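Trainee: Using the UniProt record's numbering, read the sequence shown as starting at 1 and increasing by one per residue.
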Amino acid sequence: MTFKSYLQHCKLLFESLCLVISLIYKKLRRFSKLVMRILILYGSQTGTAQDVAEQLWRASKRHNFHGPVMAMDDYPIQKLIEEHLVLFVVATTGDGEEPDNMRKTWKFLLRRNLPVDSLANLQFACLGLGDSSYIKFNFAAKKLNKRLQQLGAKPIIPLALADDQHDYGLNAVALPWMANLWKELEERLGLNIRCPESSPETFIFKWHCCKLNHASVVDEDYHQLLWPHRQAPTYLFEVKSNTRTTDPSHFQDVRLIQFKITDDVTWLPGDIIEIHPHNSEKQIDDFFALVQEHEFDFDSNTVVRISSNYQDMLLPKCYSKPLSVRQMATYIWDLSAKPRQRVFELLALNCEDNLEKEKLLEFTTAEGLEEVVNYINRPHRTILEVLQDFRHASSKLTLEILIEMFSVIQSRSFSIASCVESKTLDILVAIVEYKTKMSAPRLGLCSNWLKSLKNGNKILGYLKRGTMQLPEELSTPLIMIGPGTGIAPFRSIIQKHIVNRRDLEPYKSSIWVFFGCRNRLKDYHFQSDLESWHKQNYIKLFVAFSRDQDYKIYVQHLIEKHSQELKKLIKESNAYIYVAGSSKNMPKAVKEAFINILDKDETYVEKICKLNRYQEETWS
Ligand SMILES: Cc1cc2nc3c(=O)[nH]c(=O)nc-3n(C[C@H](O)[C@H](O)[C@H](O)COP(=O)(O)OP(=O)(O)OC[C@H]3O[C@@H](n4cnc5c(N)ncnc54)[C@H](O)[C@@H]3O)c2cc1C
Ligand SMILES: Cc1cc2nc3c(=O)[nH]c(=O)nc-3n(C[C@H](O)[C@H](O)[C@H](O)COP(=O)(O)O)c2cc1C
Numbered sequence: 001m002t003f004k005s006y007l008q009h010c011k012l013l014f015e016s017l018c019l020v021i022s023l024i025y026k027k028l029r030r031f032s033k034l035v036m037r038i039l040i041l042y043g044s045q046t047g048t049a050q051d052v053a054e055q056l057w058r059a060s061k062r063h064n065f066h067g068p069v070m071a072m073d074d075y076p077i078q079k080l081i082e083e084h085l086v087l088f089v090v091a092t093t094g095d096g097e098e099p100d101n102m103r104k105t106w107k108f109l110l111r112r113n114l115p116v117d118s119l120a121n122l123q124f125a126c127l128g129l130g131d132s133s134y135i136k137f138n139f140a141a142k143k144l145n146k147r148l149q150q151l152g153a154k155p156i157i158p159l160a161l162a163d164d165q166h167d168y169g170l171n172a173v174a175l176p177w178m179a180n181l182w183k184e185l186e187e188r189l190g191l192n193i194r195c196p197e198s199s200p201e202t203f204i205f206k207w208h209c210c211k212l213n214h215a216s217v218v219d220e221d222y223h224q225l226l227w228p229h230r231q232a233p234t235y236l237f238e239v240k241s242n243t244r245t246t247d248p249s250h251f252q253d254v255r256l257i258q259f260k261i262t263d264d265v266t267w268l269p270g271d272i273i274e275i276h277p278h279n280s281e282k283q284i285d286d287f288f289a290l291v292q293e294h295e296f297d298f299d300s301n302t303v304v305r306i307s308s309n310y311q312d313m314l315l316p317k318c319y320s321k322p323l324s325v326r327q328m329a330t331y332i333w334d335l336s337a338k339p340r341q342r343v344f345e346l347l348a349l350n351c352e353d354n355l356e357k358e359k360l361l362e363f364t365t366a367e368g369l370e371e372v373v374n375y376i377n378r379p380h381r382t383i384l385e386v387l388q389d390f391r392h393a394s395s396k397l398t399l400e401i402l403i404e405m406f407s408v409i410q411s412r413s414f415s416i417a418s419c420v421e422s423k424t425l426d427i428l429v430a431i432v433e434y435k436t437k438m439s440a441p442r443l444g445l446c447s448n449w450l451k452s453l454k455n456g457n458k459i460l461g462y463l464k465r466g467t468m469q470l471p472e473e474l475s476t477p478l479i480m481i482g483p484g485t486g487i488a489p490f491r492s493i494i495q496k497h498i499v500n501r502r503d504l505e506p507y508k509s510s511i512w513v514f515f516g517c518r519n520r521l522k523d524y525h526f527q528s529d530l531e532s533w534h535k536q537n538y539i540k541l542f543v544a545f546s547r548d549q550d551y552k553i554y555v556q557h558l559i560e561k562h563s564q565e566l567k568k569l570i571k572e573s574n575a576y577i578y579v580a581g582s583s584k585n586m587p588k589a590v591k592e593a594f595i596n597i598l599d600k601d602e603t604y605v606e607k608i609c610k611l612n613r614y615q616e617e618t619w620s
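(1) With respect to 7 Å, is the separation between the Cβ of K240 and the closest non-hydrogen atom of ligand 2 below this value?
(2) In whole angstroms, what separates the C-alpha of V69 from that of G169?
(3) Report the start-end ranges of each beta strand (DSSP E) in the UniProt domain "Flavodoxin-like" (38-182) that is 3 residues or longer and not cut off at the edges.
(4) Looking only at its own chain, which residues have a Cβ that is under 8 Å from the Cβ of R29, when we skip the five neighbours before and after it?
(5) Please work out which residues of its chain come closer than 8 Å, Cβ to Cβ, to F490, disregarding the five sequence neighbours upstream and downstream, and give them in chain order.
(6) Tell me which residue opens and which closes the alpha helix (DSSP H) that T603 is part of.
(7) Could you give the distance in angstroms between the alpha-carbon of G285 and the alpha-carbon of V291?
(8) Measure how close the beta-carbons of V605 and I595 come, nearest whole angstrom, since I'm counting them as under 8 Å.
(9) Applying the 10 Å Cβ sphere with the 16-neighbour rule, what's the burial state of H276?
(10) When you compare the CB positions of L470 and G152, do they come within less than 8 Å of one another, or not?
(11) Using a Cβ-Cβ distance under 8 Å, would S44 count as near chain C?
(12) Distance, Cα to Cα, L256 vs Q123?
(13) Could you tell me the distance, in whole angstroms, from the CA atom of S132 to the CA atom of A53?
(14) Under 8 Å between the Cβ atoms of S415 and G466?
(15) Shortest alpha-carbon distance to I539 belongs to which of Y524, K552, S510, T330?
(16) Give a single yes or no on whether E572 has its beta carbon closer than 7 Å to a heavy atom of ligand 1.
(17) By the three-class DSSP mapping on this structure, what secondary structure does H272 have?
(18) What does V303 pair with, by DSSP beta-bridge criteria?
(19) Thinking C-alpha only, which one of K568, V90, P155 is nearest N121?
(20) For R103, which residues of its own chain have a beta-carbon under 8 Å away from its beta-carbon, when the five flanking residues on both sides are left out?
(21) Evaluate the contact criterion for the region 328-341 versus the region 397-411: three or more CB pairs, one atom per stretch, below 8 Å.
(22) Relative to the C-alpha of Q311, which candidate in L347, K206, S118, R188 has its C-alpha closest?
(23) Any contact between the region 83-91 and the region 130-144? By contact I mean 3 or more CB pairs, one from each, below 8 Å.
(24) Taking the alpha carbon of E531 as the reference point, which residue from F515, N519, K522, L453 has its own alpha carbon closest?
(25) Which of helix, strand or coil does DSSP assign to W267?
(26) Reducing DSSP to helix, strand and coil, say where K33 ends up.
(27) Taking only runs of the beta strand (DSSP E) that begin and end inside the region 486-532, which ones reach a length of at least 3 residues, in chain order?
(28) With a threshold of 8 Å on Cβ separation, who are the neighbours of Y554 within its own chain once the five nearest residues in sequence on each side are excluded?
(29) Write down the C-beta distance between E184 and I157 rounded to the nearest angstrom, noting that I regard them as a contact closer than 8 Å.
(30) Kindly list the residues whose CB is nearer than 6 Å to the CB of A575, restricted to its own chain and excluding five residues on each side of it in sequence; keep chain order.
(31) Can you tell me where the alpha helix (DSSP H) with S415 in it begins and where it stops?
(32) The alpha helix (DSSP H) with Q388 in it runs from where to where?
(33) Are there 16 or more other CB atoms within 10 angstroms of the CB of N101, so buried, or fewer, so exposed?
(34) Where does F542 sit, in a helix, a strand or coil, going by DSSP?
(35) In angstroms, rounded to a whole number, what distance separates the CA positions of residue 644 and L129?
(36) With burial defined as no fewer than 16 other Cβ atoms inside 10 Å of the residue's Cβ, what is the status of S289: buried or exposed?
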């Protein structure tokens with residue numbers, strides 16, 4: 001071998017070595033990227049699961065993982081087979097149903113043609129958020145957890161079921177679940193992924209905000225921005241009337257609100273209208289008083305453009321256009337929300353007062369849960385009141401922190417109480433107002449905003465299908481139990497039934513209505529409608545006035561009283577049973593009454609539930 005060819009040989013060898021090294025390096029990089037990617041998906045109806053998922057996402061960043069957090073239906077679910085590590089946070093809504101923003105995904109995962117090993121490469125963990133006062137406790141998370149395993153995915157840690165009813169709230173289960181998750185991942189991946197626990201210094205900001213000139217044009221059509229994309233289209237409704245239906249001496253204000261409708265608006269009996277409330281004038285004034293007191297470097301007219309700090313983090317629709325601080329404080333930020341963990345972290349961020357900072361940080365720990373319960377949960381303190389309490393910490397707030405801190409106002413559902421042929425869209429709203437140890441009464445955001453509406457005011461509403469499914473045959477008997485505002489969806493169903501059956505004579509009543517309230521003279525909603533339909537034989541009406549005598553009568557007592565006829569209707573005529581209203585004690589008591597009248601046969605009641613012949617639509 002000549003010296004020249006020897007040199008050429010060495011050069012070739014060196015080049016090949018470089019190639020191999022660069023290939024190995026690339027592979028290693030790809031592998032580490034793969035290992036460190038974590039996808040966090042949530043199914044959330046009213047924002048809690050989203051909030052917990054984002055808390056998890058911030059922790060994942062501190063643990064050096066990368067990857068997005070998003071609603072399940074915003075993720076292209078066909079790509080799930082390419083993922084290796086996914087965390088799910090899933091709430092249950094309705095009568096044991098999946099939240100709206102995971103419906104598409106759930107439908108896809110249920111496809112029969114998916115191979116049983118399609119998710120064999122996937123490791124996952126699932127946290128369910130629910131409320132054990134509902135019979136179908138955490139059903140959505142339980143079903144998802146089961147289905148993922150049927151498709152070959154392997155759980156990293158067991159499914160955990162958080163419960164609103166726990167003395168310490170959802171965090172009693174969520175916090176230990178998260179700690180366990182990071183520990184298990186560290187062991188499984190053989191990586192040192194430990195990092196400092198959540199602390200203000202390591203707070204991960206989702207959004208970046210850029211102040212624009214005051215003169216910048218702000219899109220005044222902000223209303224449309226409030227609605228997440230999937231909820232379009234929405235309609236504009238004009239208030240026709242807003243009347244109190246309860247006696248002035250009654251403890252509760254209940255409103256019948258009627259909206260004018262245009263020809264393009266339509267709905268079916270049992271449907272729901274979703275309404276997006278605004279903050280009250282008082283809350284908005286209180287917020288800007290705080291801004292003034294602390295002499296922040298912005299005011300109500302400051303206009304900002306918000307963008308995402310992460311490529312894979314979707315900007316909510318409400319932040320997609322420049323907005324003034326006044327618009328955000330009026331239509332977007334929930335000023336009466338219950339403060340979540342990130343509120344304390346963010347408040348502590350620049351706090352220079354040691355006492356306040358120590359307290360705020362204590363609230364973010366598992367050991368501080370009892371304190372949070374006493375300070376927040378029991379008195380129902382709002383985020384605005386917390387900002388007023390922690391004055392030193394609040395004085396250091398910036399606009400960027402506030403945008404990160406406030407939750408976005410969630411829309412509220414109301415059962416439509418009229419049928420489309422009646423020419424108005426009616427809702428029956430119980431105004432939420434109650435006392436705690438706080439001096440000011442607690443006011444429900446949406447119901448009080450609705451109460452303030454005047455004739456001629458216009459609001460946006462989104463119409464969606466309710467959970468109630470009606471039988472196909474008009475002649476199938478219906479048994480409806482709707483105490484209080486629970487009567488609302490049944491008024492719509494009865495009105496429609498009357499329209500459909502108008503020409504059919506002689507009319508044989510096949511709708512049994514059980515209504516309950518405190519006093520005949522004080523809170524008997526839709527009294528004249530119900531009694532006139534009863535007289536005309538359109539319905540059979542049974543009313544329980546719980547406080548008109550010295551012993552209590554509730555709807556469940558009337559069900560037991562009419563056991564023989566009801567049993568016949570259910571067993572022989574395949575009647576459908578519907579229960580609507582408060583989710584507190586009523587649904588359980590009513591179900592027990594039905595079990596009792598059906599020979600104490602729980603299995604039979606379970607069977608009719610599965611067949612959708614026993615349906616509940618309840619709310620807290
Ligand atoms: C499918 C569906 C249909 C619905 N239909 C109707 C309807 O027809 N009519 C109707 O009025 N509502 C209905 N609701 C409920 C409605 O959506 C709202 O939840 C309700 O109006 C309260 O909203 P808010 O914004 O005024 O109160 P929020 O600000 O959301 O506050 C409500 C919360 O306050 C707390 N709270 C309320 N009262 C008390 C109390 N006495 N003590 C302690 N805490 C309390 C509870 O935690 C409750 O969840 C329905 C809900 C659903 C899901
Ligand atoms: C209208 C309504 C229906 C609910 N139905 C159920 C249910 O069937 N089972 C359950 O375990 N929890 C149920 N819950 C409780 C929620 O799952 C729980 O409050 C959860 O934290 C809400 O999370 P989200 O805000 O992300 O939707 C219901 C709550 C509401 C308001």
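For glycine and all other residues, C-beta sits at the position ideal for the given N, C-alpha and C.
None of these values were measured; they are calculated from a predicted model.
Mentor: Checking against the coordinates, here is how it stands:
(1) Along the sequence shown, one-based indexing puts residue 240 at 240. No, the beta carbon of K240 sits no closer than 7 Å to any heavy atom of ligand 2.
(2) Within the sequence shown, residue 69 is the residue found at index 69, counting from 1. Within the sequence shown, residue 169 is the residue found at index 169, counting from 1. Cα-Cα distance, rounded: 23 Å.
(3) 39-43, 69-71, 85-91, 123-130, 160-163
(4) Counting from 1 along the sequence shown, the entry for residue 29 is found at position 29. For R29, the predicted structure reports a pLDDT of 49, less than 50, and the residue's modelled location is therefore unreliable. A value from the coordinates is still provided. If we look at R29 and ignore the five residues flanking it on each side, it has no Cβ neighbours.
(5) As a working note, residue 490 is residue 490 in the sequence shown. Counting only Cβ-Cβ distances below 8 Å, and skipping sequence neighbours, we find M480, G482, V513, Y578, A580.
(6) Translated into the one-based positions of the sequence shown, residue 603 becomes position 603. Taken as a continuous stretch (DSSP letters only), the alpha helix (DSSP H) holding T603 covers 602-610.
(7) Counted from its first residue, the sequence shown places residue 285 at position 285. Counted from its first residue, the sequence shown places residue 291 at position 291. This sequence places Asp at residue 285; Gly is not what is there. In a straight line, the C-alpha of D285 is about 10 Å away from that of V291.
(8) The residue you call residue 605 lines up with position 605 of the sequence shown. The residue you call residue 595 lines up with position 595 of the sequence shown. That pair is a contact at about 5 Å.
(9) Indexing the sequence shown from 1 puts residue 276 at position 276. When all chains shown are included, H276 counts as buried.
(10) Residue mapping note: residue 470 aligns to position 470 of the sequence shown, counting from 1. Residue mapping note: residue 152 aligns to position 152 of the sequence shown, counting from 1. No, the Cβ-Cβ distance between L470 and G152 is not below 8 Å.
(11) Any reference to chain C falls outside this structure, which holds one protein chain only.
(12) By 1-based counting over the sequence shown, the position of residue 256 is 256. By 1-based counting over the sequence shown, the position of residue 123 is 123. Answer to the nearest angstrom: the Cα atoms are 51 Å apart.
(13) For the purposes of this step, residue 132 is taken as the residue at position 132 of the sequence shown. For the purposes of this step, residue 53 is taken as the residue at position 53 of the sequence shown. Their backbone Cα atoms lie some 21 Å apart in a straight line.
(14) As a first step, residue 415 must be located in the sequence shown, where it is residue number 415. As a first step, residue 466 must be located in the sequence shown, where it is residue number 466. Contact: yes.
(15) For the purposes of this step, residue 539 is taken as the residue at position 539 of the sequence shown. Among Y524, K552, S510, T330, the Cα nearest to that of I539 belongs to S510.
(16) Start at 1 with the first residue of the sequence shown, and residue 572 comes out as number 572. Checking the Cβ of E572 against ligand 1 gives no.
(17) The residue you call residue 272 lines up with position 272 of the sequence shown. The sequence shown places Ile at residue 272, rather than the His named in the question. Looking at I272 - three-state DSSP - the assignment turns out to be strand.
(18) By 1-based counting over the sequence shown, the position of residue 303 is 303. Partner(s): L212, S324.
(19) Position 121 of the sequence shown, counted from the start, is the residue given in the question as residue 121. Ranking K568, V90, P155 by Cα distance to N121 puts P155 first.
(20) Along the sequence shown, one-based indexing puts residue 103 at 103. Excluding residues within five positions, the ones whose Cβ falls inside 8 Å are D73.
(21) yes
(22) The residue you call residue 311 lines up with position 311 of the sequence shown. Out of L347, K206, S118, R188, K206 has the C-alpha closest to the C-alpha of Q311.
(23) yes
(24) The residue labelled residue 531 in the question sits at position 531 within the sequence shown. It is F515 whose Cα lies nearest to the Cα of E531.
(25) Locating residue 267 in the sequence shown gives position 267, counting from the first residue. Coil, per DSSP.
(26) The sequence position of residue 33 within the sequence shown is 33, counting from 1. Annotation note: pLDDT 49 at K33 (below 50); position unreliable, coordinate value reported separately. Three-state result, K33: helix.
(27) 511-517
(28) Residue 554 sits at position 554 when you count from the first residue of the sequence shown. Taken in chain order, the residues that qualify are P483, G516, A544, S546, M586, A589.
(29) Taking the first residue of the sequence shown as position 1, residue 184 is located at position 184. Taking the first residue of the sequence shown as position 1, residue 157 is located at position 157. Indeed, because the Cβ distance is near 5 Å, the residues count as touching under 8 Å.
(30) Here residue 575 refers to the residue found at position 575 when the sequence shown is read from its first residue. So the qualifying residues of the chain are P477, I479, L569.
(31) Residue 415 sits at position 415 when you count from the first residue of the sequence shown. Segment 412-415 is the beta strand (DSSP E) holding S415; no alpha helix (DSSP H) there.
(32) In the sequence shown, the residue the question calls residue 388 occupies position 388. 383-389 is the span of the alpha helix (DSSP H), which, as asked, contains Q388.
(33) As a working mapping, residue 101 is identified with position 101 in the sequence shown. N101 is buried by the Cβ-count criterion.
(34) In the sequence shown, residue 542 corresponds to position 542, counting from 1. If DSSP states are grouped into helix, strand and coil, F542 belongs with the strands.
(35) This structure leaves residue 644 out entirely; the chain is present only between 1 and 620.
(36) Position 289 of the sequence shown holds residue 289. Reading off the sequence, residue 289 comes out as Ala, not Ser. The residue in question, A289, is exposed, as its Cβ has fewer than 16 Cβ neighbours within 10 Å.
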